[in-house]
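Reading the sequence shown from the start, the letters are residues 0 to 506 in numbering that gives the first Met the number 0. In this text, a Cβ means the ideal position worked out from N, Cα and C, and glycines have one as well. Some notes on the structure that comes next.
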Amino acid sequence: MVVATVTQTGGFVLPEGIMRVSDIMSYTAPAKGLDECEPTAIEYRVFHFLVLTSEGRVIADRTHNFGLKEVEELNAPFCQHIHVYRDGADPYAFYHTEVVRSIELNPWMHHTWFKDNFLRWAEMLPRPSDTIPGRISYYQTPEKRARDIRTPIKPGRWLTKYFSDILTEVQIHELALEWSNACNLQAFKLTQDADEIERIYRHGPNSCMTFTNGGYRGSCHPARVYAGPDLGVAYLGETTKATARAVVWPAKKLFGRIYGDESRLQAALIAGGYQHASTDDFDGARLQRIRHGYGDYVLPYLDVTCGADDDGQYIVLGSGHLNCESTSGTTDNEPEYSCDSCGDGMDDDDRNYIGSTEEDVCNHCCSLHYSFCDGNQEYYRNREMRETADGTSYSKEYLQESSKFFFCEATDKYYSYEDDERVSLYEGLDVARSYLDSQDGFFCEHYEEWSLETDKEVKLTNGKSVHMGTFRGEDDFKKYLAENEVSVLDPVDPNQLTLPLPLSEAA
């Protein structure tokens with residue numbers, strides 16, 4: 000993705016409503032109803048601003064300073080760009096209800112393209128609409144911000160209007176869905192009624208078990224066996240026009256493969272406390288027992304297991320002799336397989352199901368192109384595997400979802416919680432404790448956070464350290480020293496502080 004980032008050269012074209020103060024600072028353009036403080040004014044006041052940090056984070060901040068120049072001097076060492084707002088009638092409310100909420104409630108804030116281009120939306124302050132669920136609410140101009148007039152708009156239209164030069168149509172569609180799923184969850188419905196389940200399958204998302212016009216081998220539609228006592232079907236829409244469906248186990252809050260509008264149904268299920276079932280999670284679930292001829296049963300193709308058995312009252316999923324991989328609607332069909340990778344034929348003993356790609360591959364292709372992830376007992380393409388710090392390999396999907404591992408942003412490796420500790424730095428990174436120790440990181444007693452910016456470390460006579468970036472100014476630092484009855488241990492490089500007074504004098 001090509002991203003037009005904030006630059007520190009003179010070539011960046013600022014959006015309307017924003018004026019340039021310096022190469023790294025911008026300011027709301029003059030607008031009726033907003034304060035009239037000029038960029039060159041020296042006036043002690045509260046400034047509200049957004050900062051694009053050196054690490055690529057967008058944060059909201061507020062501070063008391065003597066003019067924009069002082070704001071820039073204090074923040075320049077730690078940021079790529081600063082955008083300062085002209086305040087309206089109620090600066091405090093504006094900061095907390097508009098600036099902060101636009102950061103905290105925005106579903107796109109984790110995307111690099113959105114953060115790097117924050118000047119495009121800084122004055123718009125987009126956030127979920129309070130009046131129309133699923134829409135973006137934003138200020139079209141600073142003048143409308145002064146009058147508190149927000150405009151609701153569809154997320155896709157807003158992206159097309161302001162980001163079509165760096166996002167493709169496909170990306171805009173995916174991002175619009177992400178916003179809608181996060182801000183306008185569509186409630187799913189759950190049924191264990193056989194007639195409703197059959198209608199959902201016949202008239203909903205297409206699959207090998209749809210059988211809209213019949214064609215199944217058994218005495219009834221195979222999906223009717225999902226009508227309890229353990230399983231059911233979750234769906235979106237109406238039974239005669241469902242847009243998505245999935246087999247679920249309500250008591251265990253599990254769902255299987257989703258057909259149709261996967262993103263919306265998955266978001267709704269997860270919001271309802273459900274989890275995606277792994278290979279054996281549906282073992283033990285009971286289905287309706289419907290006989291078809293001697294030794295045969297009505298049974299759909301099951302995504303959640305490959306075996307089942309008859310306990311005399313129900314069909315029980317798990318290990319068993321019943322074939323759950325027939326597409327005819329009964330258990331007696333013996334399917335012929337072909338490898339989805341090389342196309343060669345294969346029997347059942349040579350068949351390996353790759354859940355991550357939903358493919359059946361032969362033993363040869365499996366050993367050549369796939370690796371087994373012990374974490375979730377699934378095969379993945381070799382390129383999807385990641386090596387952890389101890390040399391063990393797992394799939395990226397498993398590592399991202401597992402509660403046993405964490406990602407160190409400094410080393411780009413995953414670490415086990417059993418062997419290491421995740422530490423959140425003052426700089427905004429999450430790193431492994433072993434890496435922190437190897438880089439002589441220090442603990443800032445003032446902010447109670449770790450840091451790797453050793454050039455900003457100041458050691459104190461009580462044996463502790465502080466990070467100079469955590470102080471608002473020289474007076475703040477001197478006050479801290481006095482309140483804690485400590486002084487600076489060693490002479491300090493004045494470059495550690497962006498203030499005019501050397502630290503040796505502050506001590």
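Best match in the options for proximity to residue i [C-alpha to C-alpha]
i	options	result
Asp454	Val360, Ile314, Tyr378 and Glu426	Glu426
Glu69	Asp282, Glu42, Tyr84 and His80	Glu42
Thr356	Arg382, His363 and Ser402	Arg382
Ala241	Asn375, Glu197, Val83 and His109	Glu197
Ile289	Gln274, Cys305 and Asp310	Asp310
His220	Val297, Glu444, Lys412 and His63	Val297
His320	Asp308, Val303, Cys443 and Gly328	Asp308
Ala431	Thr62, Asp411 and Ser402	Asp411
Arg19	Ala59, Lys477, Tyr84 and Ser337	Tyr84
Glu408	Val422, Tyr397 and Glu417	Val422
Thr304	Asn483, Arg201 and Gly283	Gly283
Lys251	Glu237, Asp280, Arg223 and Leu264	Asp280
Phe117	Gly66, Phe48 and Asp147	Phe48
Thr39	Asp229, Phe65, Asp418 and Arg146	Phe65
Ile353	Asp343, His368, Gly342 and Glu377	Glu377
Ser163	Tyr434, Phe113 and Ile135	Phe113
Ser415	Lys395, Tyr161 and Asp389	Asp389
Leu459	Tyr91, Ile171 and Leu480	Leu480
Ala92	Ala145, Gln139, Arg380 and Pro127	Ala145
Asp147	Tyr200, Asp86, Arg201 and Gly133	Asp86
Thr469	Leu424, Lys403, Ser437 and Asp439	Leu424
Between the CA atoms of residue j and residue i - distance to the nearest angstrom
i	j	result
Ala181	Cys36	38 angstroms
Arg385	Leu51	30 angstroms
Cys372	Pro249	28 angstroms
Leu158	Ser340	38 angstroms
Val57	Asn74	13 angstroms
Tyr393	His95	42 angstroms
Trp449	Ile269	34 angstroms
Val98	Pro14	18 angstroms
Glu168	Gln185	24 angstroms
Pro501	Ile23	In this prediction, Pro501 has a pLDDT of 42, which is less than 50 and means its spatial position is unreliable; nothing more can be read from the coordinates.
Thr330	Glu358	21 angstroms
Ser101	Ser366	49 angstroms
Asp347	Gly317	17 angstroms
Val315	Ala233	20 angstroms
Leu488	Phe77	25 angstroms
Thr6	Gln79	Residue confidence is low: Thr6 scores 38 on pLDDT, short of 50, so the model does not pin down where it sits. No coordinate-derived value is stated.
Lys31	Glu71	25 angstroms
Ser25	His82	5 angstroms
Glu54	Arg61	19 angstroms
Asn351	Tyr336	11 angstroms
Leu166	Trp120	15 angstroms
Met508	Glu417	Residue 508 is absent from the structure shown; the chain starts at 0 and stops at 506.
Asn332	Thr326	Annotation note: pLDDT 44 at Asn332 (below 50); position unreliable, coordinate value reported separately. If you take the alpha carbons of Asn332 and Thr326, they lie about 7 angstroms apart.
Lys395	Thr27	43 angstroms
Glu420	Ser401	15 angstroms
Asp175	Lys160	Per the sequence shown, the amino acid found at residue 175 is Ala instead of Asp. Approximately 13 angstroms, taken between the alpha carbons.
Asp429	His445	19 angstroms
Ser206	Glu452	55 angstroms
Opening and closing residue of the alpha helix (DSSP H) in which residue i lies
i	result
Asp147	From DSSP, Asp147 is part of no alpha helix (DSSP H); its letter is neither H nor E.
Asn180	Glu168 to Cys182
Ala481	Glu473 to Glu482
Arg119	Phe117 to Trp120
Range of the contiguous beta strand (DSSP E) that encloses residue i
i	result
Cys443	Phe441 to Cys443
Trp449	Glu448 to Ser450
Tyr393	Ser392 to Ser394
Tyr211	Rather than Tyr, the amino acid found at residue 211 in this sequence is Thr. Premise fails: Thr211 is in no beta strand (DSSP E) and is neither H nor E.
Ile199	Note, Ile199: premise wrong, no beta strand (DSSP E); alpha helix (DSSP H) at Ala193 to His202.
Phe405	Phe404 to Cys407
CB-CB length for residue i against residue j, believed under 8 angstroms
i	j	result
Ala276	Phe187	That pair is no contact at about 16 angstroms.
Gln287	Tyr313	7 angstroms
Val247	Tyr215	Val247 to Tyr215, Cβ: 22 angstroms. No contact.
Pro154	Trp178	4 angstroms
Asp192	Ala226	6 angstroms
Pro299	Val224	7 angstroms
Arg263	Leu235	6 angstroms
Tyr525	Arg149	What the structure shows of the chain is the stretch from 0 to 506, and residue 525 is not part of that stretch, so it cannot be assessed.
Pro228	Arg285	5 angstroms
Residues bridged to residue i (per DSSP)
i	result
Glu377	Cys372
Lys458	Ser464
Val297	Thr329
Asn64	Arg44
Met384	Ser394
Phe254	Val247 and His275
His80	Leu51
Tyr137	Thr150
Short CB-CB distance (under 8 angstroms) between residue i and chain B
i	result
Tyr161	Of the protein chains in this structure there is only one, and it is not chain B.
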